[in-house]
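Here's the structure we're looking at; comments come further down.
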Amino acid sequence: METIRIKIKSALGELSCEEEQGLRQAGELIKKGGLVAFPTETVYGLGGDALNPDSSRKIYAAKGRPSDNPLIIHISRFADIHRIVDQLPEAAVKIADAFWPGPLTMILPKADIVPRETTGGLRTVAVRFPSHPVARKLIAYSGGYIAAPSANLSGKPSPTSAKYVCEDMDGRIDMIIDGGEVGIGLESTIIDLTVEPPRILRPGYVTQEMLDRVLGKVDIDVTIIDPDSGQAPKAPGMKYRHYAPKGSLTIVEGAAEQTAAYINEMAAADRAAGRKSGVIGTTEVLEQYRTDVVKCIGSRGDEEEIARNLFTVLRQMDDEGVESIYSESFSEKGLGQAIMNRLLKAAGHRVVHLPGRPNAQGWNRNRMEP
Ligand code: AMP
Ligand code: MG
Numbered sequence: 019m020e021t022i023r024i025k026i027k028s029a030l031g032e033l034s035c036e037e038e039q040g041l042r043q044a045g046e047l048i049k050k051g052g053l054v055a056f057p058t059e060t061v062y063g064l065g066g067d068a069l070n071p072d073s074s075r076k077i078y079a080a081k082g083r084p085s086d087n088p089l090i091i092h093i094s095r096f097a098d099i100h101r102i103v104d105q106l107p108e109a110a111v112k113i114a115d116a117f118w119p120g121p122l123t124m125i126l127p128k129a130d131i132v133p134r135e136t137t138g139g140l141r142t143v144a145v146r147f148p149s150h151p152v153a154r155k156l157i158a159y160s161g162g163y164i165a166a167p168s169a170n171l172s173g174k175p176s177p178t179s180a181k182y183v184c185e186d187m188d189g190r191i192d193m194i195i196d197g198g199e200v201g202i203g204l205e206s207t208i209i210d211l212t213v214e215p216p217r218i219l220r221p222g223y224v225t226q227e228m229l230d231r232v233l234g235k236v237d238i239d240v241t242i243i244d245p246d247s248g249q250a251p252k253a254p255g256m257k258y259r260h261y262a263p264k265g266s267l268t269i270v271e272g273a274a275e276q277t278a279a280y281i282n283e284m285a286a287a288d289r290a291a292g293r294k295s296g297v298i299g300t301t302e303v304l305e306q307y308r309t310d311v312v313k314c315i316g317s318r319g320d321e322e323e324i325a326r327n328l329f330t331v332l333r334q335m336d337d338e339g340v341e342s343i344y345s346e347s348f349s350e351k352g353l354g355q356a357i358m359n360r361l362l363k364a365a366g367h368r369v370v371h372l373p374g375r376p377n378a379q380g381w382n383r384n385r386m387e388p
C-alpha cells in the first residue's frame, strides 16, 4: 500500500486551503474504512472509524497489537460522547469541565453502537476529547468518532514526530498527517469512572493531584506504583512490554555524581566487550558522562521538557544503534509519576539502586545491586 503524506505547517493557526483540503481527504479515507496517522497534543495517533469493526481490526493489524488491548475513541465535541456511552456519571462531567479538551481519557460503560472490536471485547469504552486543532478537525471530517492508539508498532516507543510514524507505518496505512513535533510527548492519563472511587489506570500529563482536586479522592491502579504486586493491570494494554528501545535499558538511581561514575564504569566495560553505550541524562549532569552516545532529556528543573523528550531520546538511541542504554532516574511526584511509569516499562523494570540515597518511595522494584 502506498502511504500518502501531507504536511500541516500552521498546526496552531489558520489552515491554508490546501491543508484544509488535505484534512478533508483524510476524513474521507477514514469514513471509507482507511487508516490515517495524525498529530495530537500527546503523541501521534493511528486513526480509523471507531464505529466500524473492520477499521478497528485494521488498526490492530497495522500495529501488530494484540486484539485484547482496547482502543481509545476520540471525539471533537463534548456532546458527541452521549452516543457512545451508556451512562454519563457526574464525575465525568466534572472532569470534562476541568480537563477537556486535553490529555485525559475516561473509561465509561459503552453504548451498543460501539463494536466490541474497538473495545477489545470489553463492556466499557475509553473516550478522549483532544485539544490539538488538527486532531479535532480530522475527527469532525471523519464522522465524529476516531479510534486511535499511538501510531507506533506495538511495543515500540510512541511517536512524537511524523518521522517516527513513517518509520513504523509507511506502507501499512493510507495516510500520515505531519503536524510537526507534539507538545506533551506522553500518552493521555486514563481514569476509570466505572469504579468508586475513580481510579487512574495510566498516569499522564493530568496528574493524580490535579484529579484529586476535582473529584475529592482518586485511587491509582496498584500495578502502576508497585509492579511487583502480582496483580494484572486494569488497563489491558499496561500489561504488555512497552515503549522499549532495541538496546537494553537500565535505570540508575542515586546521587548525580555517583550515578555518572557508575554509568561511566559500565560504559567502559561495554566498550571492552565491543558494545556501543549511551546515556539519557539531564542538562545538569551531561558533561560528566563518558558513554559513546550522550542524549539530553532536559533539565531536572523542567519535568515537562523531560516528558516531551523521553520517547524521542529512546528512538534516537535506536537510530544510533546503541546496545547498552543507561538513564538517570526521576522523582515520582506529579508529572514524574508518568515519566517514571514509561521509563520503567521501557527498561523492563531494570533498575540499579546505588547505595547512599533511599529510593524516593521506598518501593521494591526488582532492585539490582550495582
Ligand atoms: P494507546 O492506544 O496506545 O494509547 O493505549 C490505550 C490504552 O488504553 C491501553 O493501555 C488500553 O488497555 C487502555 N484502554 C482502552 N480502553 C480501555 C477500557 N475500556 N478499559 C480499560 N483500559 C482501556
Ligand atoms: Mg501505545
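Quick note on numbering: the numbering used here labels position 364 of the sequence shown as 382, and the sequence is numbered without any gaps. Even glycine gets a Cβ: it sits at the ideal position worked out from N, Cα and C.
Beta-carbon separation of residue 204 and residue 210 under 7 Å?
-> no
Assign residue 96 to buried or exposed, taking buried as 16 or more other Cβ atoms, counted over all protein chains shown, within 10 Å of its Cβ.
-> exposed
Check whether the segment 100 to 113 touches the segment 125 to 132, taking contact to mean three or more Cβ pairs, one atom from each stretch, closer than 8 Å.
-> yes
Output the residue ranges of the beta strand (DSSP E) runs that lie fully inside the segment 149 to 224 and measure 3 residues or longer, sorted by chain position.
-> Correct list: 193 to 196, 207 to 210 and 217 to 220.
Cβ of residue 87 within 6 Å of any heavy atom in ligand 1?
-> yes
Given residue 110 as reference, the closest of 85, 75, 244 and 146 once Cα atoms are compared | 146
Residue 397: beta carbon under 6 Å from a heavy atom of ligand 2?
-> This structure leaves residue 397 out entirely; the chain is present only between 19 and 388.
State buried or exposed for residue 235, treating a residue as buried only when at least 16 other CB atoms are found within 10 Å of its CB.
-> exposed
Where DSSP assigns a beta bridge to residue 344, which residues make up the other side?
-> Paired residues: 268 and 297.
Assigned exposure category for residue 100 - 16 Cβ within 10 Å defines buried = Under this definition residue 100 is an exposed residue.
Any chance the segment 156 to 164 sits against the segment 182 to 189, with 3 or more Cβ pairs inside 8 Å?
-> no
From residue 342 to residue 285, what does the alpha carbon distance come to, in whole angstroms?
-> Whole-angstrom Cα-Cα distance: 8 Å.
Neighbourhood of residue 385 by C-beta distance below 6 Å, restricted to the same chain and skipping five residues each side = For residue 385, the pLDDT reaches just 47, beneath the cut-off of 50, and the residue's location in the model is therefore unreliable, although a value from the coordinates is still provided. 371, listed in sequence order.
With a CB to CB cut of under 6 Å and the five nearest residues on each side skipped, what residues in its chain are close to residue 58?
-> 148, 150 and 153
Where residue 179 and residue 253 are concerned, what is the direct C-alpha to C-alpha distance, given to the nearest angstrom?
-> 25 Å
Does DSSP put residue 52 in a helix, in a strand, or in coil?
-> Three-state result, residue 52: coil.
For the alpha helix (DSSP H) that contains residue 71, what are its first and last residues?
-> Residues 71 to 81.
Consider the C-beta atom of residue 65 and the heavy atoms of ligand 1; say whether any pair is separated by less than 6 Å.
-> Checking the 6 Å criterion, the Cβ of residue 65 is out of range of every heavy atom belonging to ligand 1.
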